[in-house]
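What follows is a short report on a single structure.
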Amino acid sequence: MSQQLLLKDIDEPGLSTLAVYERRGGYSALRKALKMSPADVLAQLEASALRGRGGAGFQMGKKVSFLPRGPIEKYLVCNADESEPGTFKDRELLQKTPHMLIEGIIIAAHAGEIERSFIYIRGEYEWQADILATAIAEARAAGYLGENILGSGHSLSLVLHRGAGAYICGEETGLLDSLEGKRGNPRLKPPFPANQGLYQGPTLINNVETLATVPAIMAMGGEQYAKLGVETSTGTKLVSVSGHVQRPGNYEIELGIPSREIIYELAGGPPPGHAVKCWFPGGSSAPVLTAADLDVPYDFESMAKAGSMLGSGAIIVVDDSTPILDVAMKVARFYRHESCGKCTPCREGTNWTVKMLQRIDSGEATPMDLDIMASVQEHIIGNCLCVLGDAMAMPIGSIIAKFREELEAHMEAARERGGAGEHAASQLALAAQGARDA
Amino acid sequence: MPRPQQRTISFTIDGREVQAPENTMLVDAAKHGDVEIPVFCYEPKLGQPVGACRMCLVEIEGIPKLQTGCSTAVKDGMVVHTETERVKTAQRAVVEFLLVNHPLDCPVCDKGGECPLQDITFGWGPGISRFIEPKRHFVKPLALSPRIAIDRERCILCYRCVRFSQDVAEDDQLVLAERGAETFVSTFDGHPYDAPFSGNIIELCPVGALTSRPYRFAARPWDIEDAGSVCTLCPAQCNVHLTVRDERVLRVQVRDNADVDDGWLCDRGRFAYPALNGRPRITRPLLRDGGQLREVSWERALSEAAAALGRAGEQTGAIAGGPVTNEEGLLLSRLLREGLSSPHVDSRAAGTLPLDLHRALGDPALQATVSDLEFAHAALVVACDPITDATILDLRLRKGVRRHGLTIVQATAEELRVRGEELAAQLSGAGEEVVVLWHERLTAGPEGIASAQALLAMAQRLGLAGIDGAGLLEVPSAANGRGLREAGVLPNAGPGLSEAPPPAGPSREGRGADAIAAGLAEGELSAVILMEADPFLRRSRREAWERALGRATTVIAYAANLNDDLHAYADVIFPAQAYAEKEGTLVHPDGRIQRLRPAVAQPGQTRAQWLSLVQLASALGLDLGVRSALEASEQLFDVVAFYAGLTLEEIGGKGVRWQERDAAGAYPIEQPA
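What follows is the structure, given as structure tokens:
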């Protein structure tokens with residue numbers, strides 16, 4: 000088992016309470032950080048080279064350093080709208096060790112000289128929100144939050160805000176709009192949140208896991224943390240493994256280990272008698288990889304080189320018992336349902352893709368439809384306002400590219416099976432008749 | 000507040016170097032190089048770009064992804080491509096996506112022929128569609144309001160209407176309901192979209208999703224002509240395009256003028272046009288004969304009117320109403336003064352104000368413009384309710400608050416008189432550029448003169464005369480109130496606010512509107528001319544005017560539409576032109592001289608007012624020296640000293656503020672050296 004920073008005490012009974020958390024050394028990293036200047040704390044974060052754990056993988060220290068310095072109205076927002084299919088790592092942290100997150104938020108706010116913070120938690124995490132609310136109240140009562148934290152002169156307010164059930168509110172600017180009380184639609188970037196975010200003020204937005212890692216970095220030192228993992232992907236990462244594996248769950252790994260080790264050794268691999276058909280390495284929005292890619296090291300760079308992405312660190316394994324069309328349909332339907340509708344390619348492209356997939360299943364498609372579908376995916380990628388459109392187009396595009404034969408066989412079988420096939424045949428015959436008559 | 004200064008930079012677009020103002024968005028900067036970047040959601044009048052439609056994607060060297068030209072500010076040295084295969088692929092893709100759910104009902108769509116979606120599909124689209132699935136369906140069309148129909152199948156979800164409602168009119172009624180491909184535009188709870196500026200969303204819509212219910216199926220773009228004019232329904236004098244088919248006005252649209260209306264129009268201006276057409280109009284002269292109004296020939300009406308006026312002579316009064324042009328006002332006052340030796344002519348509803356106060360309030364050094372309202376630090380709104388008095392100014396004030404942090408302070412006339420110092424301190428706190436927006440009613444009533452003096456004291460206290468972007472802005476009661484005053488339609492002033500010409504003199508004062516009513520009621524006056532004036536509009540004056548007109552020997556009216564009062568009291572009614580038929584000039588509240596141009600022919604036997612005034616004068620033996628509308632305008636520019644040298648060409652389509660011309664020096668007020 001590799002080094003455990005986040006899940007070290009995760010099964011300790013009562014860890015969600017302040018007493019147990021403190022007994023396990025909790026808030027000592029905060030005490031250490033409060034004795035340092037914001038610039039020194041920031042230097043530790045930058046030295047750790049910690050990359051954001053929400054999906055984009057942007058270096059957290061850099062993000063903090065982009066904020067204008069000085070005591071101006073700026074905000075820290077913790078993105079706890081964990082909605083990417085297959086991702087459930089933040090839930091475990093929120094539920095079992097909320098104080099680790101709170102401690103991380105206070106340290107990060109200190110580094111950014113921020114005095115107001117928010118946690119935006121997805122609406123369905125009702126139980127976790129209750130736990131978090133209790134933890135925040137405890138932290139406030141203990142003087143970790145509020146005015147003049149532990150006599151350091153630094154102050155921080157923390158507001159817990161529940162979403163209302165929209166995937167798009169996990170997109171950082173959609174989250175900000177929602178937090179401001181508007182319809183949760185993504186904004187144009189630039190301006191980036193670091194310059195103009197919540198209420199037009201400079202805003203630091205980070206994922207739960209990213210912020211929860213901060214106390215560990217403070218405790219061990221940024222440079223020491225950077226020694227974990229590989230050069231461009233430092234530290235440990237929570238991986239949510241789901242799908243056709245024998246031991247699904249969250250695992251903390253050191254970045255850079257072979258993916259096979261996670262899927263087979265930690266999660267137990269597919270059930271006996273089955274083989275991996277494809278797998279999503281970073282949530283349902285990542286292009287799929289196949290069994291041939293199992294030895295790719297699990298880190299940001301290697302995944303990108305393999306044509307996919309590490310994303311939120313959610314591995315979804317699909318074994319050979321599942322038709323690939325079902326996988327594509329599941330993914331496309333999800334994104335069609337969650338598209339906010341603001342920009343054209345995503346709104347129309349996700350809708351069109353689902354309709355084409357349905358025709359494959361009903362036997363009314365031809366191989367040409369796969370070419371159209373592939374081109375529709377290309378027309379979505381890179382042309383949207385936010386990355387939601389890409390999040391469907393990338394996996395669907397990769398499925399068409401890698402499983403074209405199976406999809407063609409599927410549509411052929413469906414055509415032969417269904418009445419629709421006869422209908423199509425009679426249409427063809429009529430057309431041929433028409434051409435002869437002309 | 001300092002207005003943005005723009006530096007010119009050069010950038011390269013499609014291989015050519017082009018100069019453009021720095022920081023303008025690429026879609027606008029491209030126009031400087033004659034390059035069109037197609038857009039749907041971009042509309043700078045709505046505020047910040049949203050980048051929703053993705054139609055304007057362009058390639059910028061040094062940036063890996065395609066960028067939206069609507070939200071990318073041009074920088075010096077930028078290299079932009081709009082015609083590469085990569086850009087074209089993206090443009091074709093976006094058009095194809097937009098058409099996925101757009102119905103092919105162009106042949107029966109009102110927008111067909113003037114539709115940006117058609118134009119862009121033709122110019123940038125792929126030419127074919129690969130979409131063979133069923134399209135999205137909605138019940139259609141639905142009444143979004145009594146005036147607007149919504150066809151949700153045609154909607155391309157560009158957000159323009161919703162942004163207008165939320166960010167410009169700030170009525171917050173329109174929203175997008177549902178999400179993704181199921182999204183549709185709606186009012187929040189399904190109630191009708193009822194707001195003073197709702198009609199603007201029809202013009203903003205880049206497809207046929209929002210159409211005007213009165214205009215639906217009334218014409219096709221190739222049947223119609225577009226005529227530029229000015230709306231005279233209120234003093235805001237918004238610039239309009241009149242859609243004309245077969246000599247009928249079928250639609251009123253905005254004619255963007257940033258210095259007047261900022262490109263918006265109120266619903267009254269937009270939807271009141273049916274009154275211009277058809278039956279309620281008076282189209283032949285009417286004469287009271289045996290107690291009944293009967294249609295008669297012009298010759299008969301003119302001779303009867305001239306005979307009656309000749310009998311009344313100097314016991315005649317005249318009142319010019321809101322839509323009367325400067326030229327008509329000038330000729331009317333000359334008819335009274337020179338033809339009948341009567342000084343009793345007025346255009347103000349508010350009572351008579353001493354000439355020196357008129358002059359002081361109109362001092363060119365003290366006049367603010369409409370756009371000053373937007374950039375000022377503070378606006379003092381006195382005795383004025385913009386939404387009813389000059390509707391479009393409501394949007395300008397909101398824009399000032401939203402974009403430039405304008406502080407608005409409201410006060411009544413009494414507060415201005417009593418709490419002047421307090422108000423001034425409050426305004427100065429916001430900054431030195433203060434615009435005082437006041438309504439003519441401030442100078443009405445027994446305290447009118449005191450209020451006018453308090454207003455001047457406020458201007459003095461704030462030093463408005465010496466500050467650029469600050470000053471007074473009066474909303475007159477009548478649509479062309481300012482112009483009529485400047486043309487000399489006042490009992491105590493001649494053209495150009497000169498000393499009242501004969502027959503007024505030290506021993507003979509002209510009567511204002513109220514005094515004319517009193518004179519008629521007491522038998523001191525016997526005839527009155529009501530030129531497009533309805534003295535009954537002000538309820539408090541109703542009794543006085545009923546007595547006046549009941550006692551008057553002769554009531555002569557110029558009117559476009561008949562109403563009960565005219566029916567009861569008028570002896571002669573000359574059919575008047577509506578604003579869509581008129582030729583002449585108006586003066587906007589901030590001194591901008593604007594042109595009215597005939598868009599449609601006048602109905603029936605209607606004659607231009609200038610012509611019938613000339614004929615009436617001639618019957619009374621007076622030659623007004625005018626043989627065409629142009630000559631009437633030239634006479635106006637000759638007699639108003641501070642209009643000297645003006646021509647209709649100079650006024651042009653956007654108008655010209657006389658305060659900004661050299662002749663303004665001839666304004667009759669002592670300027671401190």
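Residue numbers (numbering that gives the first Met the number 0), protein chains in the order written: chain A, 0 to 437; chain B, 0 to 672.
All residues carry an ideal CB built from backbone N, CA and C; glycine is no exception.
- Residue range 171-178 is occupied by the alpha helix (DSSP H) that includes Gly173 of chain A.
- Taking a contact to require three or more Cβ pairs closer than 8 Å, the region 311-320 of chain B and the region 581-596 of chain B do not qualify as touching.
- Boundaries of the alpha helix (DSSP H) harbouring Val638 of chain B: 628-638, taken from the DSSP string.
- For Ser284 of chain A and Thr343 of chain A, the gap between their C-alpha atoms comes out near 19 Å.
- Within its own chain, the residues whose Cβ lies closer than 8 Å to the Cβ of Pro43 of chain B, once the five positions on either side in sequence are excluded, are Met24, Asp27, listed in chain order.
- In the same chain as Arg283 of chain B, and ignoring 5 residues on each side of it, the C-beta atoms closer than 7 Å to its own belong to Glu294, Pro574, Gly603, Gln604, in chain order.
- If you check the CB distance, Val488 of chain B and Asp345 of chain B come in under 8 Å.
- Relative to the Cα of Leu275 of chain B, the nearest Cα in the group B:Ala304, B:Leu264, B:Thr242, B:Ala305 belongs to B:Thr242.
- Considering only beta carbons, no part of the region 76-97 of chain A lies closer than 7 Å to chain B.
- In the three-state reduction of the DSSP assignment, Ala72 of chain B falls in the strand class.
- Contact note: Leu454 of chain B does not reach chain A at a C-beta cutoff of 9 Å; the least C-beta distance is about 38 Å.
- If only uninterrupted alpha helix (DSSP H) runs of at least 4 residues are considered, those enclosed by the region 171-252 of chain A are 171-178, 207-219, 221-225.
- Annotation for Gly76 of chain B: Phe10 place their beta carbon closer than 7 Å to its own, counting only its chain and skipping 5 residues before and after.
- Assigned with DSSP and collapsed to three states, Pro115 of chain B falls in helix.
- Within chain B, the C-beta atoms nearer than 7 Å to that of Gly381 of chain A come from Lys64, Leu65, in chain order.
- Taking C-beta atoms as the reference points, Ser15 of chain A and Glu45 of chain A fail to come closer than 8 Å.
- Proximity of Leu56 of chain B to chain A, defined by a Cβ-Cβ separation below 8 Å, is satisfied.
- Out of A:Lys401, A:Gln2, A:Asp360, the CA that lies nearest to the CA of Ala373 of chain A is found in A:Lys401.
- By alpha-carbon distance to Lys74 of chain B, the top candidate from B:Ala29, B:Gln47, B:Arg85, B:Leu329 is B:Ala29.
- For Ile323 of chain A, the enclosing alpha helix (DSSP H) begins and ends at 323-337.
- Interface residue (Cβ-Cβ distance to chain A less than 8 Å): Ser70 of chain B is classified as such.
- The residue from B:Gly50, B:His80, B:Arg537 with its alpha-carbon nearest to that of Val17 of chain B is B:His80.
- One thing to note: Val613 of chain B has its Cβ within 8 Å of the Cβ of Leu330 of chain B.
- Between the alpha carbons of Ala551 of chain B and Leu441 of chain B lies a gap of roughly 30 Å.
- Taking 8 Å as the cut-off, the Cβ atoms of Pro534 of chain B and Glu508 of chain B do not count as close.
- With the criterion set as a beta carbon lying under 7 Å from some beta carbon of chain A, the members of the region 68-97 of chain B are Ser70, Ala89, Ala92, Val93, Phe96, Leu97, in sequence order.
- About 6 Å separates the beta carbons of Ala598 of chain B and Ser228 of chain B, which is inside the 8 Å limit, making them a contact pair.
- Interface annotation, Ile71 of chain A: not in contact with chain B, CB-CB separation never under 8 Å.
- Taking the Cβ atoms as the reference, His109 of chain A lies roughly 5 Å from His153 of chain A, within the contact range of under 8 Å.
- Identification of chain B residues near Gly340 of chain A by a Cβ-Cβ cut-off of 8 Å yields Leu156, Leu175, Glu177, Arg178, Gly179, Ala180, Glu181, Thr182, ordered along the chain.
- With respect to the 8 Å criterion, Ala32 of chain A and Met217 of chain A are classified as neighbours on the basis of their beta carbons.
- As summarised for the region 581-659 of chain B, the continuous beta strand (DSSP E) elements at least 3 residues long and confined to that stretch are 583-586, 591-595, given in chain order.
- In the displayed model, Val167 of chain B falls within a helix according to three-state DSSP.
- A residue is called buried when at least 16 other Cβ atoms come within 10 angstroms of its Cβ; Asp188 of chain B does not meet this threshold and is exposed.
- Residues of the region 347-371 of chain A with a C-beta atom less than 8 Å from some C-beta of chain B are Glu347, Gly348, Thr349, Asn350, Trp351, Lys354, Met355, Arg358, Ile371, listed in chain order.
- Within a 10 Å sphere around the beta-carbon of Gly447 of chain B sit 16 or more other beta-carbons, which makes this residue buried.
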